[in-house]
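Since the structure comes first, as structure tokens, the remarks are kept for the end.
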Amino acid sequence: MRSHLLNDLTAEHYRRSVTEGVERVAARLATTDRPFTGVTADALAPRIERIDLDRPLGDTSAVLDELEEVYLRDAVYFHHPRYLAHLNCPVVIPAVLGEAVLSAVNSSLDTWDQSAGGTLIERRIVDWTAERIGLGVNADGVFTSGGSQSNLQALLLAREEAKTDDLGRLRVLASEVSHFSVKKSAKLLGLGPDAVITVPVDHDKRMQTVALARALERCAEDGLVPMAVVATAGTTDFGSIDPLPEIAELCAQYGTWLHVDAAYGCGLLVSPTRRHLLAGIERADSVTVDYHKSFFQPVSSSAVLVRDAATLRHATYHAEYLNPRRMVQERIPNQVDKSLQTTRRFDALKLWMTLRVMGADGIGQLFDEVCDLAEQGWRLLAADPRYDVVVQPSLSTLVFRYIPAAVTDPAEIDRANLHARKALFASGDAVVAGTKVAGRHYLKFTLLNPETTAADIAAVLDLIAGHAEQYLGDSLDRAC
């Protein structure tokens, strides 16, 4: 069994195995003609369940053959131009190369003696991001598993900086379309069920600053402590960007921590044409960025950044076997001193490789392309009498609803839209997402693939309408 350990004696075996795996994936990517096969869980589960994990095949080629059947053939492929559903991006090749390197070397980014140069590369990527945001010379941060963990850590720091032992008085203010991880984080941090105050949004799904000011004022009147305001730069459903400068002013007035969840909108940091949409983010106390959303990086690649490096001490614990206090005096750079995690992947390498091959402008141009595409899609929807589109996009998300000409019952229209999404997914021809707006079912395009065209969008709209019309026709037949 030692022949399977990666070391100096097995380097050639490693090269052959990985090459064969890469060739299988490349062949699948080259021949995939739709984003999904339409396989159901009921159909796929028996294939996986019948595999006896206690009886290995012992041969890489045989295992790859099996993997074709249970995974590769039926995977959802985000690189396909008609995958239009969630915040999943196609990935750039330099980042995939970085993934291969970091997995093989297997550095752990918790301590210097497990990572060496990996620690310094992560720190440089963090500094570079903080510079792009404009957080100042005292900024710092650390890579995380994703936006939810970044938001959790930011609110942990905000809770500690609020300097009160009465958790029942603490409040977090966020818009009604902010990410669910805000409420989840509040619960994990021991705050009460009413700790998150929901602030209304305007027609463009941006936080209403007048409503925020009133909520902050009410907190002061009621003796509550607004420990943080969470502004969103790219909401999950609408891609909307809250008015950051005005929110920053209110946070300064009330002495409240400002966290900007830019998990989606962080791509604007490298946009050659849209960076101005993030004006005000430089005033944040903490920022979430998800490179695996809008920097075209493989999952996972995320970070939390803070204006004041000293606030990261609230996540610091010292263990004698790992990062004893003396290491601080010895200036040994241990990233675990800043992180909620201990063992942690060298995910920063993927973005490092991308920047060194493509450059920041190259990434930004790709993100600009999908934002431009969303504008084209919005114009298509606005001109199509079959659809109601909610807001003009700020980023690359479109939320819309099929409206049949002959049906007026909102519940029946809901069912038609739900059916269309399910039928489209089952066909495998395209994948779209769904959400609710004012209690009604809507569909959603999240456009993160520069290879997607306006023609793809138009074709998928026709497919959706076809499925919805078929459902309504069948429904009418059943009623008769």
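Just so you know, the sequence shown maps onto residues 28 to 507 in this note's numbering. The C-beta atom is built at its ideal place from N, Cα and C for all residues, glycine as well.
Quiz item: On the three-pair Cβ rule with 8 Å, is the stretch 245-259 touching the stretch 124-141?
Solution: Taking a contact to require three or more Cβ pairs closer than 8 Å, the stretch 245-259 and the stretch 124-141 do not qualify as touching.
Practice problem: Give the range of the alpha helix (DSSP H) segment to which Gly-391 is assigned. | Solution: If you look at Gly-391, you'll find it in the alpha helix (DSSP H) that goes 387-409.
Quiz item: By Cβ distance below 8 Å, which residues in the same chain neighbour Val-434 in space, the five residues on each side in sequence not counted?
Solution: These residues qualify, in order along the chain: Ile-440, Ala-443 and Leu-499.
Quiz item: Going along the chain, which residues of its own chain have a beta-carbon closer than 8 Å to the beta-carbon of Val-228, five neighbours each way excluded?
Solution: Cβ neighbours of Val-228 beyond the five flanking positions: Ser-202, Glu-203, Val-204, Met-234, Gln-235 and Ser-267.
Quiz prompt | Presumed contact (8 Å Cβ cut-off) between Ala-401 and Leu-470, rounded CB distance | solution = Actually they do not touch by this definition, with Cβ atoms about 14 Å apart.
Quiz item: Which residue or residues does DSSP assign as beta-bridge partners of Phe-170?
Solution: DSSP, once it has assigned bridges, lists Ala-330 as partnering Phe-170.
Self-check item: the stretch 171-191 in contact with the stretch 304-323 per 3-pair CB rule at 8 Å
Solution: Yes, since at least three Cβ pairs between the stretch 171-191 and the stretch 304-323 fall closer than 8 Å, the two stretches touch.
Exercise. Report yes if the CB atom of Leu-304 is closer than 8 Å to the CB atom of Ser-454, and no otherwise.
Key: In this structure, Ser-454 does not lie closer than 8 Å to Leu-304 by Cβ.
Self-check item: DSSP state of Phe-63 mapped onto helix, strand, coil
Solution: If DSSP states are grouped into helix, strand and coil, Phe-63 belongs with coil.
Exercise. On the DSSP bridge assignment, give the partners of Ala-289 in chain order.
Key: Here Ala-289 is bridged, per DSSP, to Val-316.
Quiz prompt | Continuous beta strand (DSSP E) assignments of at least 3 residues falling wholly in the stretch 174-225 | solution = Listed in chain order, the complete beta strand (DSSP E) runs (minimum 3 residues) inside the stretch 174-225 are 197-202.
Practice problem: Answer yes or no: do Leu-285 and Ala-306 have a C-beta to C-beta separation smaller than 8 Å? | Solution: No.
Quiz item: Given a threshold of 16 other Cβ atoms within 10 Å of its Cβ, counted over all protein chains shown, does Glu-126 qualify as buried or as exposed?
Solution: Counting of Cβ neighbours within 10 angstroms places Glu-126 among the buried residues, the total reaching 16 or more.
Self-check item: Short Cβ contact (8 Å threshold) for Val-426 with Val-458
Solution: Cβ distance not < 8 Å, so Val-426 and Val-458 don't count as in contact.
Quiz item: Relative to the alpha-carbon of Asn-361, which residue among Asp-374, Thr-343, Ala-432 and Leu-114 has its alpha-carbon at the smallest distance?
Solution: Of the listed residues, the one whose Cα sits closest to Asn-361 is Thr-343.
Practice problem: Thinking Ala-122 and Met-380 are a contact (beta carbons under 8 Å), I'd like their distance in whole angstroms, please. | Solution: The beta-carbon separation of Ala-122 and Met-380, rounded to 6 Å, stays under the 8 Å limit for a contact.
Self-check item: Rounded distance between the beta-carbons of Ala-336 and Asp-167, thought under 8 Å
Solution: With a beta-carbon spacing of about 4 Å, Asp-167 and Ala-336 fall inside the 8 Å limit used to define contacts.
Quiz prompt | Every unbroken beta strand (DSSP E) within the stretch 410-484, with a cutoff of 3 residues, ordered by chain | solution = Segments of the beta strand (DSSP E) lying fully in the stretch 410-484: 414-416, 424-429, 458-464 and 467-473.
Quiz item: Can at least three beta-carbon pairs, one atom from the stretch 266-283 and one from the stretch 475-491, be found at a separation below 8 Å?
Solution: Note that the stretch 266-283 does not touch the stretch 475-491; fewer than 3 beta-carbon pairs, one per stretch, sit closer than 8 Å.
Practice problem: Go ahead and label Glu-309 buried or exposed: buried means 16 or more other beta carbons lie within 10 angstroms of its beta carbon, across all protein chains shown. | Solution: The residue is buried, with at least 16 neighbouring Cβ atoms inside 10 Å.
Practice problem: Would you mind working out which of Asn-115, Cys-116 and Val-132 sits nearest Tyr-41, comparing C-alpha positions? | Solution: Of the candidates Asn-115, Cys-116 and Val-132, the one whose C-alpha sits nearest the C-alpha of Tyr-41 is Val-132.
Practice problem: With DSSP as the reference, please indicate the residues paired to Leu-111 in a beta bridge. | Solution: Paired residues: Val-459.
Exercise. Can you give me the start and stop residues for the alpha helix (DSSP H) that Thr-259 sits inside?
Key: That residue, Thr-259, is in no alpha helix (DSSP H); its beta strand (DSSP E) goes 252-259.
Quiz item: Is it right to say Gln-324 is buried, meaning 16 or more other beta carbons lie within 10 angstroms of its own, or is it exposed?
Solution: Classification of Gln-324: buried, given that the 10 Å Cβ count is 16 or more.
Self-check item: Selected residue, minimal CA-CA separation from Phe-170, among Ala-481, Ala-438, Lys-365 and Asp-86
Solution: Distances from the CA of Phe-170 to each of Ala-481, Ala-438, Lys-365 and Asp-86 were compared; the closest alpha carbon is that of Lys-365.
Quiz item: Would you call the stretch 65-85 and the stretch 109-118 touching, i.e. three or more CB-CB distances under 8 Å?
Solution: In short, these stretches do not touch, since the Cβ pair count stays below three.
Quiz item: Is the beta carbon of Arg-74 less than 8 Å from the beta carbon of Val-97?
Solution: Yes, the Cβ-Cβ distance between Arg-74 and Val-97 is below 8 Å.
Exercise. Sort Gly-250, Ala-242 and Thr-146 by Cα distance to Arg-196 and report the nearest one.
Key: Out of Gly-250, Ala-242 and Thr-146, Gly-250 has the C-alpha closest to the C-alpha of Arg-196.
Practice problem: Check Met-380 in the structure and name its three-state DSSP category. | Solution: Under the three-state reduction of DSSP, Met-380 is assigned to helix.
Self-check item: Through-space distance from Lys-377 to Arg-383, alpha-carbon basis
Solution: C-alpha separation (whole angstroms): 10 Å.
Quiz item: Looking at Arg-186 and Leu-215, is the spacing between their C-beta atoms short of 8 Å?
Solution: Not closer than 8 Å, so no.
Exercise. Would you kindly report the start and end of the unbroken alpha helix (DSSP H) that includes Thr-283?
Key: Neither: Thr-283 is in no alpha helix (DSSP H) and is coded neither H nor E.
Self-check item: Identity of the residue in Ala-260, Tyr-281 and Lys-232 nearest Arg-241 by Cα
Solution: Taking each of Ala-260, Tyr-281 and Lys-232 in turn and checking the Cα distance to Arg-241, the smallest one comes out for Tyr-281.
Self-check item: 8 Å Cβ cutoff met for Asp-137 and Thr-370
Solution: In contact: Asp-137 and Thr-370 (Cβ atoms closer than 8 Å).
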